[in-house]
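Number 219 marks the last residue of the sequence shown (our numbering); no jumps. Below: one structure, written as C-alpha cells.
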Amino acid sequence: FNVGEDCPVFDGLFEFCQLYTSGSIGGAARLNDDNADVVINWSGGLHHAKKAEASGFCYINDCVLAILELLKKHERVLYIDIDIHHGDGVEEAFYSTNRVMTVSFHKFGEYFPGTGDVLDIGYADGKNYAINFPLND
Numbered sequence: 083f084n085v086g087e088d089c090p091v092f093d094g095l096f097e098f099c100q101l102y103t104s105g106s107i108g109g110a111a112r113l114n115d116d117n118a119d120v121v122i123n124w125s126g127g128l129h130h131a132k133k134a135e136a137s138g139f140c141y142i143n144d145c146v147l148a149i150l151e152l153l154k155k156h157e158r159v160l161y162i163d164i165d166i167h168h169g170d171g172v173e174e175a176f177y178s179t180n181r182v183m184t185v186s187f188h189k190f191g192e193y194f195p196g197t198g199d200v201l202d203i204g205y206a207d208g209k210n211y212a213i214n215f216p217l218n219d
C-alpha cells in the first residue's frame, strides 16, 4: 500500500512529515522575525507534493508552506529550485499569483515528473512568474 504510486507508507510517516515540514516553516519564521539571515533545512525540499496529492516521495510540500510563512511578512518571494527534477508542486501552488516567482533548473524530457517546459510561464496574475530552464543531458 502506498500513498500514490511512489510514496510508500512506513512506520513513523506522520512524525517524519512533521519534522521536515516544521524545519522549513520554523526556518521561514526565524527569517521573518529577523532571528536569522540564512536558514537551511537539510531534510526539506520535498517539492513534488501537491495540495491533495503525494508525489515523487514527497508527502507534504514544505517549500510551499515555508513560502506561505514568508508571505506573511514579505510582499514577494523568489523560489529557486536547482534539483534535477522540476519543482512541479511549488510551481503549481503559485502558478496564478505574482507574489511568488518560481525558477526551476531541471532535467527535461522523458524524466520525472515530465513537467517544466520553457513555455510554462504562469497564469492570470502569475503570468511570467514561473520560469523554467529545462535542460538536456
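Positions of the beta carbon are idealized from the N, C-alpha and C atoms, including for glycine.
Is it buried or exposed for residue i, if we count other Cβ within 10 angstroms and need 16 for buried?
{"i": "Gly56", "result": "Any answer about residue 56 is impossible in this case: the structure gives the chain only from 83 up to 219."}
{"i": "Asn218", "result": "exposed"}
{"i": "Asn210", "result": "exposed"}
{"i": "Leu160", "result": "exposed"}
{"i": "Glu174", "result": "buried"}
{"i": "Asp207", "result": "exposed"}
{"i": "Val146", "result": "buried"}
{"i": "Tyr205", "result": "exposed"}
{"i": "Leu128", "result": "buried"}
{"i": "Phe96", "result": "exposed"}
{"i": "Asp116", "result": "exposed"}
Could you pull out every residue in the same chain whose Cβ sits closer than 8 Å to the Cβ of residue i, ignoring the five residues on either side in sequence?
{"i": "Leu101", "result": "Ser125"}
{"i": "Arg112", "result": "Ala118, Val121"}
{"i": "Gly99", "result": "Position check: residue 99 holds Cys in this sequence, whereas Gly was assumed. Same-chain partners within the cutoff: Tyr141, Ile142."}
{"i": "Asp88", "result": "Ser137, Gly138, Phe139"}
{"i": "Asn114", "result": "Glu151, Leu152, Lys154, Lys155, His156"}
Would a C-beta distance cut-off of 9 Å place residue i and residue j closer than the cut-off?
{"i": "Arg181", "j": "Glu157", "result": "yes"}
{"i": "Gly169", "j": "Gly198", "result": "yes"}
{"i": "Pro195", "j": "Gly138", "result": "yes"}
Does any residue of chain D bring its CB to less than 9 Å from the CB of residue i?
{"i": "Thr179", "result": "Absent from the structure is chain D; it holds one protein chain and no more."}
Measure how close the beta-carbons of residue i and residue j come, nearest whole angstrom, since I'm counting them as under 8 Å.
{"i": "Thr184", "j": "Ile213", "result": "7 Å"}
{"i": "Ala136", "j": "Ile107", "result": "No, Ala136 and Ile107 are not in contact; Cβ-Cβ is about 18 Å, not under 8 Å."}
{"i": "Gly105", "j": "Asn123", "result": "4 Å"}
{"i": "Ile166", "j": "Lys189", "result": "5 Å"}
Under 7 Å Cβ to Cβ from residue i, same chain only, skipping five residues before and after it: list those, please.
{"i": "Ile164", "result": "Phe187"}
{"i": "Tyr177", "result": "Gly204, Tyr205, Gly208, Ala212"}
{"i": "Ala131", "result": "Ser137, Cys140, Tyr141, Ile142, Asn143, Gly171"}
By Cβ distance below 6 Å, which residues in the same chain neighbour residue i in space, the five residues on each side in sequence not counted?
{"i": "Ile162", "result": "Val185"}
> Could you give the uninterrupted runs of the alpha helix (DSSP H) lying entirely in the stretch 129–189, keeping only those of 4 residues or more?
Replying inline: 144–153, 170–175
> In the stretch 98–122, which residue ranges form an unbroken alpha helix (DSSP H) of at least 4 residues, counting only runs that do not cross its ends?
Replying inline: none
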